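A.B. asks: Take this structure, written in structure tokens, and hold onto it; I'll ask about it next.
Residue numbers (my numbering): 327 to 569.
In structure tokens form, the structure reads like this:
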């Protein structure tokens, strides 16, 4: 579903990513982990086309997006849903209008059909009867759910999650993890989760990739990842699992 080939990204003379090669398979959940400044967020921004690589290619399904026009990128992005770190809901819009945003912008569906989809997607994420609430009336966990409902409203093939457990307590984090798993299974989407939370990554992922100082240093199944002898992997793993 996603192929990253020899990708490097420089900001001025600083290398944020160096010769990264990565394939993300159709229908899997891949967790991308790494510390602050490791390059994992840069990798995410490249995959959704917010920035372009300095070198290399990025393939989304059959499309190579690194040199695409904004118009063509918009077409490709309709295959993607995005759940942002801090939910990124529009404060001036109701929950229902937030979820409907992509449908209003990118489809010609009638209002009653859009309203029906909004109710369906909110039900899928465990929220009902909240369409008329405003974002400031929601808890942090509820905002994450609304953000996910908005992401899946357009029936994407890929869902990107940017630090989905950030700012949440451990119980709510587990609930969001379970929601990511159930969404992947019910919709059969490809999920890419950027996180610093190793415990969460182990719960949700089929495979884990670790980025360290701009390099992809480890990639394996959750079971095998635990056994990787690289001290950079082990230090990161232990520090997070024991928190």
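Where a beta carbon is used, it is the ideal one built from N, C-alpha and C, also for glycine. Remember, it's a predicted structure, so these values are computed and weren't measured experimentally.
#1: What are the boundary residues of the beta strand (DSSP E) that residue 333 is part of?
#2: Taking the alpha carbon of residue 429 as the reference point, which residue from 549, 368, 347, 476 has its own alpha carbon closest?
#3: What is the rounded straight-line gap between the Cα of residue 568 and the Cα of residue 350?
#4: Grab me the residues of residue 298's own chain with a C-beta within less than 8 Å of its C-beta, minus the 5 sequence neighbours each way, in chain order.
#5: Could you tell me which uninterrupted beta strand (DSSP E) segments, each at least 3 residues in length, are contained entirely in the stretch 497-552, listed from first to last along the chain?
#6: Is it the case that the Cβ atoms of residue 531 and residue 369 are separated by a distance below 9 Å?
#7: Between residue 378 and residue 528, what straight-line distance do the alpha-carbon atoms span, to the nearest angstrom?
#8: Excluding the 5 residues flanking residue 474 on each side, which residues of the same chain have their C-beta closer than 7 Å to its C-beta?
#9: Within a Cβ cutoff of 8 Å, which residues of the same chain sit near residue 399, ignoring the five residues on either side of it in sequence?
#10: Does DSSP put residue 352 in a helix, a strand or coil?
#11: Between the Cα of residue 454 and the Cα atoms of 339, 485, 393, 471, which residue gives the shortest distance?
#12: Between the alpha carbons of residue 437 and residue 550, how many angstroms are there, rounded?
#13: Can you tell me the Cα-Cα spacing of residue 482 and residue 403, whole angstroms?
#14: Which parts of the stretch 393-417 are runs of the beta strand (DSSP E), unbroken and 3 residues or longer, counting only runs that do not cross its ends?
#15: Between 373, 458, 367, which has its C-alpha nearest residue 393's C-alpha?
#16: Could you spell out where the beta strand (DSSP E) holding residue 485 opens and where it closes?
#17: So, with DSSP's three-state summary, where would you put residue 428?
#18: My assumption, with CB atoms under 8 Å, is that residue 411 sits in contact with residue 489. Please give the rounded CB distance.
#19: To the nearest angstrom, report how far apart residue 546 and residue 554 are at their CA atoms.
C.D. replies: Put simply:
#1: 328-337
#2: 476
#3: Because residue 568 carries a pLDDT of 47, less than 50, the predicted location of this residue cannot be relied on, and the following value inherits that uncertainty. The alpha-carbon atoms of residue 568 and residue 350 are separated by roughly 29 Å.
#4: Residue 298 lies beyond the residue range present for the chain, which begins at 327 and ends at 569; the question has no answer from this structure.
#5: 516-521, 533-538, 541-547
#6: no
#7: 30 Å
#8: 409, 451, 505, 509
#9: 375, 391
#10: coil
#11: 471
#12: 49 Å
#13: 9 Å
#14: 406-409
#15: 373
#16: 484-488
#17: helix
#18: 4 Å
#19: 9 Å
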